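Chemist: Numbering (my numbering), first residue to last: 172 to 705. I'd like to ask some things about the structure below.
Structure representation (structure tokens):
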């Protein structure tokens, strides 16, 4: 093992890997030979695997103390620990197989119901290769070994289907079938752990925790994009702009200071984002990143795009001087004005804030189940009746159609301050995360923006007041547009849009008291909407 990679832990990790390989080989041999004595030896040796994990864990944690999280040494030590952790899981699976060997030895001998020898060979060969991949930091070996996971999954599905088929036939032996199915399942889990070890090798290479499919997507796209320079560029990936959508967003650094943005996620969302990016750039060139390459595989999609130099609007508001906040806000408002005037079309867009609330309630209640009990039924406070939350949604939902504005415009769809980038060098605003864009009610973007400024706890009273001032600027700007287009229900609809954003934003906070506060603020705004529209 390379000492530069593993310091002096290489021998211990190698010993653990050899022991686990021996355990898996012994367990599967015991099962095929129906040998309870050999199975017992495997079970007895499991403590050795556990002891090695404990030793390596302690050594890694002692050495990582004080190391910067992104340093090469920190990555190496985290990688060593992750490999040891997965080797320990493999040791547990060896014990599981050995226990099935003891059980199958008590059953009448029969011809195996499905192939287990093939997946066993695949698993043992892949384990040998993935250990080499990690110690040699070999991307090629890691990729090849990781592909066993797909094959072992396929073999398990075949075994499961055959088990169901045989159980439906006359005179099956359920114990014999299920025992073999358990072993097939343990082999499938072995593939998962091998995949984890291979992805750890990719983590050492890239500096980011990447799934195999994400690494393959990058590999497919980076080559063609960087080939213009005449030589393959070394790349480094750093995750940025985290969110709750499930997508990965990273900055891909190339040579000579060049950089690209990389985003990977569910095919449906990424496909929508790429489509909307193209439409935005058709309307206002440069407003969103230009897509340089894209790749689809197995229900996932990713793209490489132009990297936007700048800072998130949220960071401008939280960290920059007041004069800069105001200047950037004016630039944001001018950009919105350009978009709204360029895309305004006669025709009332759908107003569906209640639907959006309802769609997000399961996630909200999963994180904060106590909120589901609030306003569950009609209540009276100081003799005044207050409808239940469900009744409020039904009432307001029935009023939405008549609140629609006379025109539709192109909206961002999720116009919070984490989805706007300001480029100071060019004094320009850019939009990101535009997969929800389309023709709609301009007030939706206004409401999302205003609530995003206050949906997180703000510790400084001066900053709270400043956010209120910025929100008034946005309100006055949108109010002027409403007068221009003859939007009679602007204020009522903005109240509803803010209610929607407050209620749904509660699912983004782990602070129970704060989540409760903004949820109830949204409910109060729903009540205001119902009164104003009645």
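In this text, a Cβ means the ideal position worked out from N, Cα and C, and glycines have one as well. None of the values given here were measured: they were computed from a predicted structure.
1) Would you call residue 270 buried or exposed, if buried means 16 or more other Cβ atoms sit within 10 Å of its Cβ?
2) Starting from residue 216, follow the beta strand (DSSP E) in both directions and report where the run begins and ends.
3) Under the rule that 16 or more other beta-carbon atoms within 10 Å means buried, what is residue 621, buried or exposed?
4) So, are the CB atoms of residue 366 and residue 320 less than 8 Å apart?
5) Taking its Cβ as the centre, do 16 or more other Cβ atoms sit within 10 Å of residue 612, making it buried, or is it exposed?
6) In three-state DSSP terms, what is residue 402?
7) Check the C-beta distance from residue 564 over to residue 528 and give it rounded, since I have them as a contact under 8 Å.
8) Could you say if the segment 486–498 and the segment 630–641 meet the contact criterion of at least three C-beta pairs nearer than 8 Å?
9) Nearest to residue 598 by alpha carbon, out of 479, 687 and 626?
10) Cβ atoms of residue 431 and residue 475: under 8 Å apart, would you say?
11) Run the CB neighbour count on residue 164, radius 10 Å, all protein chains shown included, and call it buried at 16 or more, exposed below.
12) Taking only three categories from DSSP, how would you classify residue 475?
13) Starting from residue 543, follow its DSSP beta bridges and name the residues at the other end.
14) Helix, strand or coil for residue 649? Go by DSSP, reduced to three states.
15) Can you tell me whether residue 572 is buried or exposed, with buried defined as 16 or more other CB within 10 angstroms of its CB?
16) Would you kindly check if the distance between the Cβ of residue 206 and the Cβ of residue 265 is under 8 Å?
17) Helix, strand or coil for residue 308 per DSSP?
18) For the segment 281–359, which segments carrying the beta strand (DSSP E) assignment without a break, of at least 3 residues, lie completely within its bounds, in sequence order?
19) Could you pull the DSSP bridge partners for residue 557 from this structure?
20) DSSP has residue 629 in a bridge; who is on the other side?
21) Under the assumption that residue 248 contacts residue 231 (Cβ atoms under 8 Å), give the Cβ distance between them as a whole number of angstroms.
22) Could you tell me whether the segment 654–667 touches the segment 572–581, using the rule of 3 or more Cβ pairs below 8 Å?
23) Checking the sheet assignment: what are the DSSP bridge partners for residue 595?
24) Please report the Cβ distance between residue 515 and residue 580, rounded to the nearest whole angstrom; I am assuming they are in contact, meaning their Cβ atoms lie under 8 Å.
25) Could you check the C-alpha separation between residue 441 and residue 584 for me, to the nearest Å?
26) In this structure, how does DSSP classify residue 432 when only helix, strand and coil are distinguished?
27) Considering only C-alpha positions, which residue in the set 567, 276, 633 and 623 is nearest to residue 699?
28) Do residue 513 and residue 454 have their CB atoms nearer than 8 Å?
29) Can you tell me whether DSSP reads residue 180 as helix, strand or coil?
30) Taking just the CA atoms, how far does residue 337 sit from residue 278?
31) Can you tell me which of the three DSSP states residue 570 falls into?
32) Here's the rule I'm using: 16 or more other beta-carbon atoms within 10 Å means buried, otherwise exposed. How should residue 508 be labelled?
33) With a 10 Å radius around its C-beta and 16 neighbouring C-beta atoms as the bar for buried, classify residue 335 as buried or exposed.
34) Cβ of residue 492 versus every heavy atom of the ligand HEM: is any distance shorter than 7 Å?
35) Pick out whichever of 304, 202 and 259 has its Cα sitting closest to the Cα of residue 216.
36) Whole-angstrom Cβ separation of residue 227 and residue 184, contact assumed at under 8 Å?
Modeler: Taking the coordinates as given:
1) Position 99 of the chain shown, counting from 1, holds the residue named residue 270. By the neighbour-count rule (16 or more Cβ atoms within 10 Å), residue 270 is buried.
2) Position 45 of the chain shown, counted from the start, is the residue given in the question as residue 216. Element bounds for residue 216: n/a, residue is neither H nor E.
3) For the purposes of this step, residue 621 is taken as the residue at position 450 of the chain shown. Classification for residue 621: buried.
4) Locating residue 366 in the chain shown gives position 195, counting from the first residue. Locating residue 320 in the chain shown gives position 149, counting from the first residue. In contact: residue 366 and residue 320 (Cβ atoms closer than 8 Å).
5) Here residue 612 corresponds to residue number 441 of the chain shown, with the count starting at 1. Residue 612 comes out buried.
6) Counting from one through the chain shown, the residue named residue 402 turns up at place 231. Here residue 402 scores only 43 on pLDDT, less than 50, and its place in the model should not be relied on; the value that follows carries that caveat. In the displayed model, residue 402 falls within coil according to three-state DSSP, outside both helix and strand.
7) For the purposes of this step, residue 564 is taken as the residue at position 393 of the chain shown. For the purposes of this step, residue 528 is taken as the residue at position 357 of the chain shown. About 7 Å separates the beta carbon of residue 564 from that of residue 528, a gap short enough to meet the 8 Å contact definition.
8) In this structure the segment 486–498 touches the segment 630–641; the number of beta carbon pairs closer than 8 Å is three or more.
9) Residue mapping note: residue 598 aligns to position 427 of the chain shown, counting from 1. The shortest C-alpha separation from residue 598 is found at 479.
10) Residue numbering aside, residue 475 sits at position 304 when the chain shown is read from its first letter. Residue numbering aside, residue 431 sits at position 260 when the chain shown is read from its first letter. Judged by their CB atoms, residue 475 and residue 431 are nearer to each other than the 8 Å cut-off.
11) Nothing in the structure corresponds to residue 164, since the chain is present only between 172 and 705.
12) Counting from 1 along the chain shown, the entry for residue 475 is found at position 304. The three-state secondary structure of residue 475, taken from DSSP, is strand.
13) For the purposes of this step, residue 543 is identified with residue 372 of the chain shown, where counting begins at 1. As DSSP reads the structure, residue 543 sits in no beta bridge.
14) Position 478 of the chain shown, counting from 1, holds the residue named residue 649. Three-state result, residue 649: helix.
15) For the purposes of this step, residue 572 is taken as residue 401 along the chain shown, with counting starting at 1. Exposed is the call here.
16) Taking the first residue of the chain shown as position 1, residue 265 is located at position 94. Taking the first residue of the chain shown as position 1, residue 206 is located at position 35. Contact flag unset, no.
17) To locate residue 308, count along the chain shown from 1; it is residue 137. In the structure shown, residue 308 sits in coil (DSSP, three-state: anything other than H, G, I, E or B).
18) Counting whole runs of 3 or more residues, the segment 281–359 contains no beta strand (DSSP E) stretch at all.
19) Sequence index remark: in the chain shown, residue 557 carries index 386 (1-based). As a beta-bridge residue in DSSP terms, residue 557 pairs with 550.
20) The count along the chain shown starts at 1 and reaches residue 629 at position 458. For residue 629, DSSP assigns no beta-bridge partner whatsoever.
21) By 1-based counting over the chain shown, the position of residue 248 is 77. By 1-based counting over the chain shown, the position of residue 231 is 60. The pair is a contact, with the Cβ atoms about 5 Å apart (cut-off 8 Å).
22) Touching, per the Cβ criterion.
23) In the chain shown, counting from the first residue as 1, residue 595 sits at position 424. Residue 595 has no beta-bridge partner at all, per DSSP.
24) Residue mapping note: residue 515 aligns to position 344 of the chain shown, counting from 1. Residue mapping note: residue 580 aligns to position 409 of the chain shown, counting from 1. Yes, they are in contact, since the Cβ atoms of residue 515 and residue 580 sit about 5 Å apart, within 8 Å.
25) Residue numbering aside, residue 441 sits at position 270 when the chain shown is read from its first letter. Residue numbering aside, residue 584 sits at position 413 when the chain shown is read from its first letter. Rounded to the nearest angstrom, the two C-alpha atoms are 15 Å apart.
26) Here residue 432 refers to the residue found at position 261 of the chain shown. DSSP, reduced to helix, strand and coil, places residue 432 within a strand of the structure shown.
27) In the chain shown, counting from the first residue as 1, residue 699 sits at position 528. Checking every option, the nearest Cα to that of residue 699 belongs to 567.
28) Taking the first residue of the chain shown as position 1, residue 513 is located at position 342. Taking the first residue of the chain shown as position 1, residue 454 is located at position 283. Taking 8 Å as the Cβ cut-off, residue 513 and residue 454 qualify as a contacting pair.
29) Counting from 1 along the chain shown, the entry for residue 180 is found at position 9. It is coil, neither helix nor strand.
30) Taking the chain shown and counting its residues from 1, one reaches residue 278 at position 107. Taking the chain shown and counting its residues from 1, one reaches residue 337 at position 166. The straight-line gap from Cα to Cα measures roughly 17 Å.
31) Counting from 1 along the chain shown, the entry for residue 570 is found at position 399. Correct three-state label for residue 570: coil.
32) Your numbering for residue 508 matches position 337 in the chain shown. Only exposed fits residue 508, as fewer than 16 other CB atoms lie within 10 angstroms of its CB.
33) The sequence position of residue 335 within the chain shown is 164, counting from 1. By the neighbour-count rule (16 or more Cβ atoms within 10 Å), residue 335 is not buried but exposed.
34) Judged by which ligands are present, the structure shown has none, so any question about the ligand HEM falls away.
35) Here residue 216 corresponds to residue number 45 of the chain shown, with the count starting at 1. If you compare the alpha carbons of 304, 202 and 259 with that of residue 216, the shortest gap goes to 259.
36) Numbered from 1 along the chain shown, position 56 holds the residue referred to as residue 227. Numbered from 1 along the chain shown, position 13 holds the residue referred to as residue 184. So it is a contact: roughly 7 Å between Cβ atoms.
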